[in-house]
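First the structure, in the form of structure tokens, and then the observations on it.
In my numbering, the protein residues as written are 416 to 717.
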């Protein structure tokens, strides 16, 4: 019900009363509530769609950047993140790209240095073997395999005693690993080859991390020393014979043969002959000494 009061022109009041059925009012309110609910639902859906699009626009670059970072962490430094929008994400992408370029340069430099190290290692005439604290082989060059009679293919990671059968080398390696003191020893001949082996502790930031074994072919040096001994023995014999003869003839001359001209001249001729031989021998020794001082000749093993 609704009642309203009014006044006539003469000042007398009047009343207007209106009434509608409750069912009709409730039906109208129901229609209004339904429309309002639909409107709210539409607005919420529109807002959710807008928020989803905004979130997708923001999360897609982050997802791409995350995938790129994961790929870079996996070692693919050729990837780059690119975004057109001038935003914080674009700045982050540029930072990631700079880091990636730095990693790529470092990787290239490391690869170049590794290649140079490998080439240098493999071109060494001396053998080189490096192990860890458990005497597992970390690296070995071709010379090391040749000198120690090892097939270097597939030996990395194996224990030293599995690939080297020389008892002196294994015993010395164990001693160096225990004491931390450098050791030098010779072994051979093995198939006509003499080896000089140096075993030193491998240091990592002033801490022992394994062993470094350097193998040098000392065959020429040993043969050279043997030749020197033989040569010295021969020279001693060659010097003793003429000196003995010279001394004998000098004593003969001193005992009176100098008074016999014919004998004296014969003895002096023999003495002169042997003096010439000694002179030639000394000249040969000086020439050998001069040649020995030249570079490139085998030296005595230390």
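By construction, the Cβ of each residue, glycine as well, lies at the ideal position given by its N, Cα and C atoms. Remember, it's a predicted structure, so these values are computed and weren't measured experimentally.
The beta carbon of residue 653 is closer than 7 Å to those of 696 in its chain, skipping five residues each way along the sequence. Less than 8 Å divides the Cβ of residue 543 from the Cβ of residue 559.
Exclusion of the five residues before and after residue 539 leaves 556, 558 as the residues of its chain whose Cβ lies within less than 7 Å of its Cβ. Less than 8 Å separates the beta-carbon of residue 600 from that of residue 583.
Across the structure, residue 449 and residue 436 are spaced so that their CA atoms are roughly 20 Å apart. Residue 570 is classed as buried because its beta carbon has at least 16 other beta carbons within 10 Å across all chains shown. Classified as buried, residue 664 has 16 or more neighbouring CB atoms from the shown chains inside 10 Å of its CB.
Using a Cβ distance threshold of 8 Å, residue 613 and residue 581 do not count as a contacting pair. Around the beta-carbon of residue 633, 16 or more other beta-carbon atoms lie within 10 Å, marking it buried.
Per DSSP, residue 578 is one residue of the alpha helix (DSSP H) stretching across 575-578. Sorting 564, 438, 441, 420 by C-alpha distance to the C-alpha of residue 432 places 420 at the top. In the DSSP assignment, residue 651 falls within the unbroken alpha helix (DSSP H) covering 634-669. Beta-bridge partners of residue 429 (DSSP): 421.
Between the alpha carbons of residue 607 and residue 637 lies a distance of about 11 Å. Within the same chain, 558, 629, 630, 631 come within 7 Å of residue 541 by CB-CB distance, once the 5 residues on both sides are set aside. In this structure, residue 700 lies near residue 650, with their beta-carbon atoms less than 8 Å apart.
Bounds of the alpha helix (DSSP H) holding residue 593 are 582-594.
Look at residue 619 here: in three-state DSSP terms it is strand. DSSP places residue 542 outside any alpha helix (DSSP H); the residue lies instead in the beta strand (DSSP E), whose first and last residues are 542-547. Distance check between residue 477 and each of 706, 504, 703 places 504 closest, using alpha-carbon atoms only. Of the candidates 616, 645, 427, the residue whose Cα lies closest to the Cα of residue 547 is 616.
Within the model, the alpha-carbon separation for residue 484 versus residue 507 is close to 11 Å.
Taking C-alpha positions only, residue 655 is separated from residue 691 by approximately 14 Å.
Taking 8 Å as the cut-off, the beta carbon of residue 575 is found no closer than this to the beta carbon of residue 562. As DSSP reads the structure, residue 681 sits in no beta bridge. With 16 or more other Cβ atoms inside 10 Å of its own Cβ, residue 625 counts as buried.
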